[in-house]
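Structure first, commentary second.
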């Protein structure tokens with residue numbers, strides 16, 4: 001991850017001056033210090049998005065997310081601001097994309113169809129299902145199924161950064177990295193969500209697991225992953241899409257079970 005600019009004051013002192021003294025100059029310094037995060041997230045988010053999506057627009061929304069993060073961050077909890085801010089920056093970018101309605105309805109419907117198919121088949125067989133099984137279930141050829149994955153690749157780039165529920169700010173990915181408990185009910189819900197994600201990841205193929213690990217944990221770009229794995233960027237994009245849709249299906253099943261109880 002890109003290192004923030006060196007602050008004029010110590011980090012803790014800057015946060016204290018902003019949060020406790022409401023020193024506007026300290027706030028400006030914090031925003032300036034962490035601006036490289038916006039560029040970093042912009043470059044990652046731009047991968048796989050349509051050419052009509054401007055990086056400048058992404059960055060503008062990202063700056064608003066950074067400002068929001070500086071406003072809301074509690075430095076006394078001992079959490080890493082970079083992680084918190086990255087989620088806020090991504091969230092602001094995703095909100096901007098949604099408002100722009102950059103994905104046609106037909107593509108969204110196609111993605112939902114594949115997600116539902118993964119959910120139904122993998123719940124039935126309790127294992128990772130093959131492209132052939134998916135093609136049969138969807139009544140399309142394997143070639144057409146691969147093309148469908150390519151068509152919907154742009155809808156899966158931000159998937160693990162999406163809120164678990166529309167009204168919540170917590171993301172699916174945050175469940176895997178944030179160990180802070182909010183309350184007993186929340187902790188129990190979080191535990192079962194983590195279990196669902198872990199089981200979902202276990203059912204991914206080896207290549208899909210590698211792609212998810214390199215993209216979300218090692219923070220490589222899809223093109224860098226293609227180089228590491230000696231595969232084409234389009235193939236990496238397909239593996240990423242399949243992995244995300246499998247995980248979405250598992251999480252959707254979990255959410256439905258929660259609503260039934």
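In UniProt numbering, the protein residues as written are 1 to 261.
Glycine included, each C-beta is placed from N, C-alpha and C at the ideal position.
- If the five residues before and after residue 64 are omitted, its C-beta is found closer than 6 Å to the C-beta atoms of 92, all from its own chain and listed in chain order.
- Residue 135: member of the alpha helix (DSSP H) spanning 131-138, first to last residue.
- In this structure residue 132 is exposed. Its beta-carbon is surrounded by fewer than 16 other beta-carbon atoms within 10 angstroms.
- Annotated as distal: residue 19 and residue 25, with beta-carbon spacing of 9 Å or more.
- DSSP, read as helix, strand or coil, puts residue 73 in coil.
- The region 198-214 makes contact with the region 241-250, as at least three CB pairs between them are under 8 Å.
- Classified as buried, residue 122 has 16 or more neighbouring CB atoms from the shown chains inside 10 Å of its CB.
- Residue 42: member of the alpha helix (DSSP H) spanning 35-45, first to last residue.
- Annotation note: the region 211-235 contains the following uninterrupted alpha helix (DSSP H) runs of length 4 or greater, listed N- to C-terminal: 222-229.
- Around the CB of residue 125, fewer than 16 other CB atoms lie within 10 Å, so the residue is classed as exposed.
- The region 56-72 and the region 26-46 touch, with no fewer than 3 CB-CB distances between them shorter than 8 Å.
- Looking from the CA of residue 128, the closest CA among 36, 206, 145 and 136 belongs to 206.
- By alpha-carbon distance to residue 42, the top candidate from 32, 57, 31 and 99 is 57.
- About 19 Å separates the CB atoms of residue 238 and residue 119; that is not less than 8 Å, and the two are not in contact.
- In this structure, residue 221 lies away from residue 77, with their beta-carbon atoms at least 9 Å apart.
- Secondary structure note for residue 109: its alpha helix (DSSP H) is the uninterrupted segment 105-125.
- If you ignore the 5 residues before and after residue 72, its C-beta comes within less than 8 Å of the C-beta of 88, all in its own chain and listed in chain order.
- In the three-state reduction of the DSSP assignment, residue 57 falls in the helix class, which pools H, G and I.
- The beta carbon of residue 214 is closer than 6 Å to those of 220 and 225 in its chain, skipping five residues each way along the sequence.
- Between residue 240 and residue 208, the CB-CB gap stays under 9 Å.
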